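If you count the sequence shown from 1, position 5 lands on 9 in our numbering, and the numbers rise without skipping.
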Amino acid sequence: MSQERGTTLYYGWKIVAAILFTLTFSSGLSFYNHSIYLNALAATPAFNVASASIAVSLFFFSGGLAGLLVARWVQNYDPRYCLTGGAVISAGALSALSYVTTVPQLYVVYCIFGMGFSASSLIPATTIVARWFKRRRAMALSIASTGLSLGGVILTPLCVLLVEKLSFQTAAPIMGLIYLVGVIPVSWIWLRPSPESMGLRIDGDAVDDAIDEAVDKENAPARDTANQDEARLSSSAPIEDGLSFREARATRFFWGIAPAYVFLLMAQVGGIAHQYGLARETLSESQTALAVAILPVMSIIGRLLGGWIVGKVAIKQFALFIMGLQILALVMLASGTGVWGLCIGLALFGCTVGNLLMLQPLLIAEAFGLREYARIFSVANLMSSWGTAAGPAVMGYVFALNNEQYGGAYLFAAAAAALGLVLFASGGPLHPSIEEKAA
């Protein structure tokens, strides 16, 4: 009997809770806090909005490049070391922001910050969760990645208060300390690199069931095969099947999903970055503060609902639906249909934000397995970081060309999302053919 079917809670769910907790801090103090840091810096004589905005692009570029090394580390060593190192680097960079006085210093610190974020966020987090679950991987990832949105809901307002009450120079080191406390203790107390490291099986399946399944699959002499499998299953190393990176990159699906997410996340991150300015075209300042809370809240609701739905329908069809919904939401936001249109558009956009972030690692794990998941995901993440870094800047440029009106910028985002959908659909079936595997 598996742990999931017995009375004991499968330890994988504790892993999910721990990952949710760490992502809340790593995302809340980095991804969602850029506007706080950059506004504080832009208010000083040494910086302006343009130079500060370039720092955000460098954050995503450096994080994407560092992800290649992070993936290799996570694949070969205990991911907790990676999370710890990333938290230390991020905390140090965040603290150093209060001391930067020149633009080159800002760019160096932000590059280091991006590297630390990469090592303490999605690559190690999704790798750990994927190792612990197979049948309920979608739900596990949806719950764990909710931390990405919770960081914006919980920590960003707290950081705004810290900066207002204490000044940025005083608040930055405090936020760095919060980063450390939020990631490192939980990682070492509750996280484990794989079920095998605790003598468990993926999904909580019993050892005897796993051995019997392996024996039947290999169709070998029962006694010899069972002995071999028992020795293999008793190892603390995770049991990972699937494709190598070389095999994965030879498939049509890889070249569908990887470039698709460049444009999907260009539209998503650009749309998020400019939502405040868009809302201010229609609403008062107090109304805007309420309106921009719609997106992160709906991101949480949408992600949890999506994690339940994707376990019951074909994952690629669900992904296409979410991509189509993102296009619709961005068109609504571009159309300037008044207060209700803005709020509905933000709600729909929020639903897609949560699900698109969840679906990328889930699709990669489903298509290519766990054998070199971290490396495959890191390369796809590097490519998507190009769109993540470019989205806010390109939409800002379109905004300036369009007489400083956001309608054109959000239509551009909708077009980018549509291109992403087309590229993803052109990737063919989720699982590679025998010919592709042999290539």
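C-beta atoms are modelled at their ideal positions from N, C-alpha and C, and glycine is treated no differently.
Note that the structure is predicted; figures quoted are calculated from it, not measured.
Look at the alpha carbon of residue i and the alpha carbon of residue j, and state the distance between them as a whole number of angstroms.
i	j	result
residue 274	residue 310	22 Å
residue 315	residue 152	21 Å
residue 36	residue 431	31 Å
residue 228	residue 199	Only weak support exists for where residue 228 lies, its pLDDT of 45 falling under 50; the value from the coordinates is given anyway. The straight-line gap from Cα to Cα measures roughly 25 Å.
residue 27	residue 267	24 Å
residue 262	residue 272	15 Å
residue 303	residue 112	32 Å
residue 158	residue 351	19 Å
residue 393	residue 190	30 Å
residue 162	residue 208	38 Å
residue 401	residue 278	12 Å
residue 528	residue 94	Outside the displayed span of the chain (5 to 443) sits residue 528, for which this structure offers no information.
residue 43	residue 172	10 Å
residue 339	residue 269	21 Å
residue 79	residue 23	17 Å
residue 416	residue 12	51 Å
residue 4	residue 420	Residue numbering for the chain in the displayed model covers 5 to 443; residue 4 lies beyond these limits and cannot be assessed.
residue 57	residue 63	10 Å
residue 34	residue 55	18 Å
residue 46	residue 40	10 Å
residue 86	residue 74	7 Å
residue 145	residue 312	11 Å
residue 308	residue 76	30 Å
residue 355	residue 133	22 Å
residue 84	residue 61	27 Å
residue 237	residue 119	Only weak support exists for where residue 237 lies, its pLDDT of 39 falling under 50; the coordinates are left without a value.
residue 164	residue 183	15 Å
residue 381	residue 365	7 Å
residue 239	residue 205	Note that residue 239 scores 39 on pLDDT, short of 50, meaning its location in the model is unreliable and no value can be drawn from it.
residue 124	residue 89	8 Å
residue 253	residue 16	30 Å
residue 377	residue 122	16 Å
In this structure, what does DSSP give as the bridge partners for residue i?
i	result
residue 1	Nothing in the structure corresponds to residue 1, since the chain is present only between 5 and 443.
So is residue i buried or exposed if we call it buried at 16+ other beta carbons inside 10 Å?
i	result
residue 231	Low per-residue confidence applies at residue 231: pLDDT is 46, beneath 50, and the placement is therefore not dependable, though the value from the model is reported in the following sentence. Counting Cβ neighbours within 10 Å, residue 231 comes out exposed, since fewer than 16 surround it.
residue 245	exposed
residue 128	buried
residue 404	exposed
residue 169	exposed
residue 293	exposed
residue 408	exposed
residue 141	buried
residue 321	exposed
residue 81	exposed
residue 341	exposed
residue 256	exposed
residue 106	exposed
residue 390	buried
residue 250	exposed
residue 202	exposed
residue 136	buried
residue 283	buried
residue 318	exposed
residue 19	buried
residue 433	exposed
residue 247	buried
residue 396	buried
residue 193	exposed
Which two residues bound the contiguous alpha helix (DSSP H) that contains residue i?
i	result
residue 307	298 to 313
residue 114	107 to 123
residue 43	38 to 46
residue 168	160 to 170
residue 317	Taken as a continuous stretch (DSSP letters only), residue 317 belongs to no alpha helix (DSSP H), as it is neither H nor E.
residue 18	15 to 32
residue 414	410 to 429
residue 288	Neither: residue 288 is in no alpha helix (DSSP H) and is coded neither H nor E.
residue 101	Premise fails: residue 101 is in no alpha helix (DSSP H) and is neither H nor E.
residue 454	Any answer about residue 454 is impossible in this case: the structure gives the chain only from 5 up to 443.
residue 204	Residue 204 -> no alpha helix (DSSP H), and no H or E assigned at all.
residue 135	126 to 136
residue 260	258 to 277
Can you find a C-beta in chain D that's less than 8 Å from the C-beta of residue i?
i	result
residue 292	Of the chains in the structure shown, none is chain D; there is only one protein chain.
Pairing CB atoms from the segment 417 to 426 with CB atoms from the segment 328 to 335, are three or more of them under 8 Å? yes
Is the segment 174 to 181 in contact with the segment 93 to 113, if contact means three or more CB pairs nearer than 8 Å? yes
Cβ pair count under 8 Å reaching 3, the segment 399 to 415 against the segment 286 to 303: no
Do the segment 42 to 59 and the segment 346 to 361 make contact, defined as three or more Cβ pairs closer than 8 Å? no
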